[in-house]
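For reference, the structure discussed in these notes is given below.
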Amino acid sequence: MNKEFFEALELLEKEKGISAERLLEKIQNALVIAVKRNYVGAENVVVDVKPEKYVLDVYIRKTVVEEVEDPANQILLEEAVKIDKKAAVGSEVGIKLRPKEFGRIAAQTAKHVIRQGIREAERSQMLKDFQSREREIVSGYVVRVDAKKGNATLEIDHTEAVLPKSEQIPGEEIREGERIKVYVVEATATEKGPKIMISRTHPGLVKRLFELEVPEIYEGIVEIKSVSREAGSRSKIAVYSKDENVDSIGTCIGPKGARIAKIIDELCGEKIDVIKYSDEPEKFISAALSPATVLKVEVDPEGAKSCKVTVPDNQLSLAIGNKGQNARLAAKLVGWKIDIRPESGFYGEE
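Convert by adding 53 to the 1-based position in the sequence shown; the result is the number in the numbering used here.
Right, here's the structure in full:
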């Protein structure tokens with residue numbers, strides 16, 4: 054174990070981002086296992102590592118005795134003093150092994166365990182990296198797309214993650230070789246290694262895109278209160294600013310719609326309604342149902358987060374939306390159950 058060995062560890066640390074200290078710990082454990090397998094019965098195996106001196110030595114420690122009963126763990130005094138002049142009966146001496154003395158099987162075993170240790174270290178580091186980016190946006194390079202299932206495999210910082218078809222925006226076409234933004238939902242440890250859940254349909258993607266495009270949100274001047282989304286079709290986002298001089302909606306839309314246009318492009322043309330948040334449920338619910346006009350909001354007196362909303366007869370279909378989408382998104386945005394009724398009280402009239 055010479056200078057080149059430790060330099061190789063340093064190179065691994067730079068290339069893979071794995072701690073050299075952690076690798077050495079794994080290698081120490083691997084060598085202990087290999088020696089114990091090759092020297093059957095040896096109980097006290099010590100691996101001494103001194104990276105600063107480029108030293109890695111392996112010892113079998115044996116107890117000094119007058120009569121040997123267990124050769125694997127005991128040594129005669131006359132043999133012990135050849136190794137350590139201060140050796141005495143009852144003390145221990147370390148018998149240094151040379152790498153070639155490990156034997157072919159021990160060397161192969163050590164190599165296998167070291168490789169396994171490196172893989173585990175890589176997986177652990179990868180999991181740690183992705184857990185630190187949970188609920189964040191990352192950019193990934195599309196390595197391949199499964200022609201049958203439609204799943205896309207992305208390379209994100211030298212790590213592969215699968216974007217399932219179900220987590221892709223309906224209608225979007227992901228091509229091999231392009232870079233796309235994804236939302237990291239969760240990173241968990243499994244028996245097969247880290248599992249990275251990424252998505253382009255999660256409401257969090259919309260929220261993070263606004264934070265990237267709108268400096269006032271990142272700086273805390275404008276706050277995103279909630280997001281509801283039906284990916285590929287429409288999203289609603291509620292924003293708020295404590296500063297009365299700041300137009301929270303206009304800030305998010307940007308000059309001539311420039312800011313929101315970038316987000317819409319990233320989301321494959323998905324429509325986005327920017328809503329002004331209010332602490333007053335009646336005002337917030339009315340705004341959430343836009344573009345429909347709301348005449349009245351009656352809140353359930355029992356406080357069950359339920360309400361009845363009255364709209365002009367000719368705005369009923371607009372308030373409900375295509376297949377109930379507008380009402381559904383509004384309900385998710387405010388977290389209330391919304392019952393929409395026409396002003397005349399009769400459904401189905403224009």
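For each residue, glycine too, the CB sits at the ideal point set by N, CA and C.
Given residue i, which residues of its chain have a CB within under 7 Å of its CB, disregarding the five upstream and five downstream residues?
i	result
E403	Confidence at E403 is low in this model, with a pLDDT of 39, below 50, so the placement of that residue should be treated as unreliable; the coordinate-derived value is given next. So the qualifying residues of the chain are D366, N367.
I148	Y112, I113, K115, I136
P344	L371
Y330	K278, A291, V292, Y293, F337
E96	N126
F263	I270, I277, I290, C305, I316
Suppose you measure from the CA of residue i to the CA of residue j; what does that come to, to the nearest Å?
i	j	result
I222	V235	11 Å
G377	S177	45 Å
Y107	R90	26 Å
S72	R172	13 Å
A140	D210	54 Å
E276	Q161	58 Å
S294	S301	6 Å
L265	C321	17 Å
E68	T212	13 Å
K153	I227	54 Å
P217	N375	27 Å
L207	A214	5 Å
K201	E225	16 Å
E74	E66	9 Å
G310	H165	58 Å
V121	R168	37 Å
E297	I317	27 Å
R394	K181	51 Å
V237	E319	16 Å
S397	I274	42 Å
A242	P308	45 Å
I306	A341	17 Å
D123	E57	38 Å
V100	K248	34 Å
D332	K324	25 Å
G356	S185	38 Å
I328	F183	32 Å
V88	M179	30 Å
I86	S219	45 Å
G94	L109	23 Å
Tell me, to the nearest whole angstrom, how far the beta carbon of residue i is from that of residue j; I am working on the premise that it is less than 8 Å.
i	j	result
L258	I190	7 Å
E239	E187	6 Å
Apart from the five residues on each side of it in sequence, which residues of its chain come closer than 6 Å, Cβ to Cβ, to residue i?
i	result
G401	Summary for G401: the model assigns pLDDT 48, below 50, so the residue's position carries little reliability; its value from the coordinates is reported in the next sentence. None.
P104	F59
L150	V111
K315	E266
A488	The structure shown does not extend to residue 488, since the chain is modelled only from 54 through 403, so no value can be given for it.
L77	V102
R232	S192, Y194
Residue i: buried (16+ other C-beta within 10 angstroms of its C-beta) or exposed?
i	result
I271	Sequence check: residue 271 is Tyr here, not Ile. When all chains shown are included, Y271 counts as exposed.
F59	buried
G193	buried
R312	buried
E269	buried
Q81	buried
K445	With the chain covering 54 to 403 only, the question about residue 445 has no answer from this structure.
G170	buried
L64	exposed
D326	buried
E119	exposed
E131	exposed
CB-CB under 8 Å to residue i, same chain, minus the five flanking residues each way: which ones, in chain order?
i	result
I338	V347, V350, C360, V362, A383, V387, W389, I391
V146	R114, K115, V117, I128, A133, I136, D137, A140
E229	V195, V196, R197, V198
V280	P256, G257, V259, K260, S288, K289, I290, A291, L386
K358	G388, W389, K390
I373	N379, A380, I393
At a cut-off of 7 Å, is residue i close to the ligand COA when judged by its beta-carbon and the heavy atoms of the ligand?
i	result
E68	Ligands displayed in this structure: none; no statement on the ligand COA is therefore possible.
Segment contact, 8 Å Cβ cut-off, at least three pairs: the region 368-375 with the region 326-340: no
Cβ contact check for the region 269-286 and the region 241-258: 3 or more pairs under 8 Å: yes
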